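Only one structure is covered here, and it is reproduced in the block below.
Residue numbers (my numbering): 135 to 867.
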């Protein structure tokens with residue numbers, strides 16, 4: 135997420151419709167007078183973090199930053215100055231982040247796209263269309279590490295978006311200073327307009343202090359675009375006539391997959407299979423606000439690998455999309471309940487059932503805004519055994535401030551055969567009600583039919599959410615027919631009614647103390663009935679105590695009550711089977727998470743109690759060691775000791791990740807993981823060198839070893855493995 139990891143406590147929603155005593159947001163506000171004017175210059179700047187150009191001294195300053203936390207509305211404890219230049223090549227933003235104790239500035243991260251929450255950082259929001267619905271986010275720390283994302287809504291953002299921009303920094307005994315340069319071609323803006331929406335944010339981890347130029351109230355926040363500032367004097371910007379191209383070339387040397395035997399002399403140096411590949415990604419503007427992307431023979435070797443997870447349930451796991459072509463702009467295709475009943479799940483395209491890649495010779499994506507509508511289209515052809523054409527079309531019509539009504543459809547089929555289709559309508563209506571509090575009403579209705587012309591199944595959903603600083607109350611209802619099976623979607627369970635919700639109170643102490651906020655969950659619930667009647671599974675939770683400290687540390691105690699009624703036996707773990715029946719059990723849980731800013735960050739979770747017809751004790755923990763500014767190492771461990779009536783087992787998972795950044799443009803990652811459910815150890819090693827903004831060289835090694843064999847395999851080669859080198863060259867024409 136682009137703000138706090140908390141999903142809703144600091145959520146800010148939007149609206150123009152009065153509800154009770156609601157605050158209306160008239161359309162005329164889109165044409166308000168600017169709060170600030172950029173300085174226009176015909177000279178380019180040298181990006182070095184030193185502000186030697188005289189244009190910086192001529193530009194106006196933004197200095198009125200206020201705290202969102204810890205003291206809402208108070209001036210920032212450290213002085214922050216921002217100036218903006220409109221140069222021939224792009225928008226230049228200068229940050230003067232003064233600090234009276236500059237020796238304590240935290241700057242531990244160097245890696246591209248690190249979240250930077252552990253560091254002193256600044257963030258810039260640019261709503262180029264100043265429609266209060268779209269925009270990009272740019273974040274940098276005192277080291278010059280870059281992070282960016284795309285605006286989705288006031289709760290979520292698409293962190294997979296990668297823009298072409300650059301940063302240079304300087305740290306002195308007065309503070310840290312940042313120069314950003316964002317090319318005009320990276321932004322989206324209407325031709326002939328002179329206004330953009332913007333906001334500026336600074337975070338100081340040692341004080342756990344957040345200051346903003348606009349939207350500094352706790353019910354608002356950085357992504358509350360209704361309160362963004364309006365920046366003017368941006369007329370005469372260049373038209374978006376450029377085409378961006380990213381050709382790539384890659385070479386791969388891989389070990390053929392095979393059944394594993396530990397044979398003497400069978401080492402990682404054994405003969406391998408080599409291959410070479412080329413491809414091309416093209417981005418072209420259709421209008422100033424709609425962009426088309428075309429990919430030929432895409433390669434995803436540089437994508438992050440999935441995490442290995444021990445699944446101790448009877449339901450399928452959801453794995454997030456990691457491939458760049460599908461992650462960029464993916465939010466426009468959100469429809470349904472995330473991770474439970476999504477109409478579109480892009481991993482259905484180009485990935486087999488076991489995650490094995492399938493060749494995608496061609497793909498096209500189009501997205502953007504056409505007046506008061508947001509549109510999106512994606513199509514991809516797969517070859518090999520699948521040999522299918524897949525497509526998704528999305529339209530969202532603006533309604534009442536930042537609400538919308540929308541429609542979406544998906545298509546998946548092979549040539550000469552009937553296609554599997556899914557379609558539906560949805561809506562989201564966010565309101566600002568009495569006292570500046572937020573209320574969101576949303577829902578959808580969708581229907582699917584398979585390629586064989588079978589029965590039509592539906593998914594119907596309604597959500598009422600009250601997400602605010604001192605209280606978060608939500609109620610959700612879903613009905614999913616047994617025949618609802620979108621070919622390009624993800625549905626965790628069918629043939630059910632689901633009623634879920636949460637009632638959480640988060641008051642703050644009346645006087646300033648070591649505790650920033652209390653957290654009490656009066657009731658969290660998730661109940662699932664079969665459409666024919668009868669409770670299928672249920673979960674209840676109670677949080678009698680939760681504490682968020684001024685330092686950023688968190689502690690909580692939870693009590694959980696669960697029910698499951700499998701109608702057939704299922705395997706919980708190799709050698710452990712849960713019989714059909716009805717099971718109730720209760721558990722207690724404690725969690726502790728130390729602050730992101732700590733050099734050694736610790737997270738612990740322990741729970742114990744009944745589990746089906748037995749008992750279990752689960753312990754998981756994470757230790758992250760940060761050695762500024764180059765190294766970040768994390769060890770994650772989880773252990774579940776389960777004792778059932780007919781079986782006992784211990785499920786273990788280990789993950790070790792090490793990041794080493796030589797500088798903001800050259801970094802290496804090593805990710806090793808193992809679990810004893812799949813009995814597999816895997817390694818992913820990756821080096822990324824950004825030769826220039828947009829152009830990258832990747833070197834990636836992936837390997838996998840089976841474990842739990844009868845004899846040791848210290849020198850045996852992996853059952854599969856491959857080394858890939860890939861170079862992507864970026865240019866604009």
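Just so you know, even glycine gets a beta-carbon here, dropped at the ideal spot from N, CA and C.
Keep in mind it's a predicted model, so treat the numbers as computed, not measured.
- Here the alpha carbon of residue 724 sits roughly 56 Å from the alpha carbon of residue 369.
- Sixteen is the threshold: since fewer than 16 other Cβ atoms of the shown chains lie within 10 Å of the Cβ of residue 813, the residue is exposed.
- About 12 Å separates the beta carbons of residue 475 and residue 631, which is beyond the 8 Å limit, so they are not a contact pair.
- Residue pairing by DSSP places residue 446 opposite no residue, since no beta bridge is assigned to it.
- Fully contained in the region 440 to 512 are the following alpha helix (DSSP H) runs of length 4 or more, in chain order: 458 to 461.
- According to the DSSP secondary-structure assignment, residue 731 is paired through a beta bridge with no residue.
- Contact annotation: the region 437 to 444 does not touch the region 509 to 518, with fewer than three C-beta pairs closer than 8 Å.
- In the DSSP assignment, residue 192 falls within the alpha helix (DSSP H) that extends over 188 to 192.
- Under the 8 Å Cβ criterion, the region 557 to 565 counts as touching the region 525 to 538, having at least three qualifying pairs.
- Under the DSSP assignment, residue 754 falls in the beta strand (DSSP E) whose first and last residues are 748 to 761.
- Per the C-alpha coordinates, the member of 747, 289 and 265 positioned closest to residue 599 is 289.
- One thing to note: residue 659 has its Cβ within 8 Å of the Cβ of residue 634.
- Nearest neighbour of residue 338 by Cα position, chosen from 297, 729 and 186, turns out to be 729.
- Note that the C-beta distance between residue 245 and residue 797 is not below 8 Å.
- In the three-state reduction of the DSSP assignment, residue 684 falls in the coil class.
- Within the region 291 to 369, the complete beta strand (DSSP E) segments at least 3 residues long are 300 to 306, 309 to 317, 330 to 338, 343 to 346 and 363 to 366, listed from N- to C-terminus.
- Looking from the CA of residue 214, the closest CA among 189, 286, 312 and 169 belongs to 312.
- The secondary-structure analysis by DSSP pairs residue 435 with nothing; it has no beta-bridge partner.
- Between the region 302 to 318 and the region 220 to 232, the count of C-beta pairs closer than 8 Å reaches three or more; the two stretches touch.
- From the listed residues 241, 409, 268 and 360, the smallest Cα separation to residue 858 is found for 409.
- Around the beta carbon of residue 325, fewer than 16 other beta carbons sit within 10 angstroms, so the residue counts as exposed.
- Judged by DSSP secondary structure, residue 659 falls within the beta strand (DSSP E) whose first and last residues are 654 to 664.
- DSSP links residue 641 through a beta bridge to no other residue.
- Secondary structure of residue 201 (DSSP, three-state): strand.
- Contact annotation, residue 503 with residue 340: C-beta distance approximately 40 Å; criterion of less than 8 Å not satisfied.
- The secondary-structure analysis by DSSP pairs residue 698 across a beta bridge with 671 and 717.
- Each residue's CA atom was taken as its position, placing residue 379 and residue 352 some 42 Å apart.
- Residue 657 is classed as exposed because its beta carbon has fewer than 16 other beta carbons within 10 Å across all chains shown.
- Residue 650 sits in a strand when the DSSP states are folded into three classes.
- Exposed is the label assigned to residue 587, since fewer than 16 other Cβ atoms lie within 10 Å of its Cβ.
- In this chain, residue 864 is not harboured by any beta strand (DSSP E), its DSSP state being neither H nor E.
- When the five nearest sequence neighbours on each side are left out, the beta carbons in the same chain lying within less than 6 Å of the beta carbon of residue 711 are those of 703 and 705, in order along the chain.
- The straight-line gap separating the alpha-carbon atoms of residue 629 and residue 554 is approximately 19 Å.
- Excluding its 5 nearest sequence neighbours in each direction, residue 453 has C-beta neighbours in its own chain below 6 Å: 440, listed in chain order.
- With 16 or more other Cβ atoms inside 10 Å of its own Cβ, residue 571 counts as buried.
- Within the DSSP secondary-structure output, residue 770 pairs in a beta bridge with 756 and 789.
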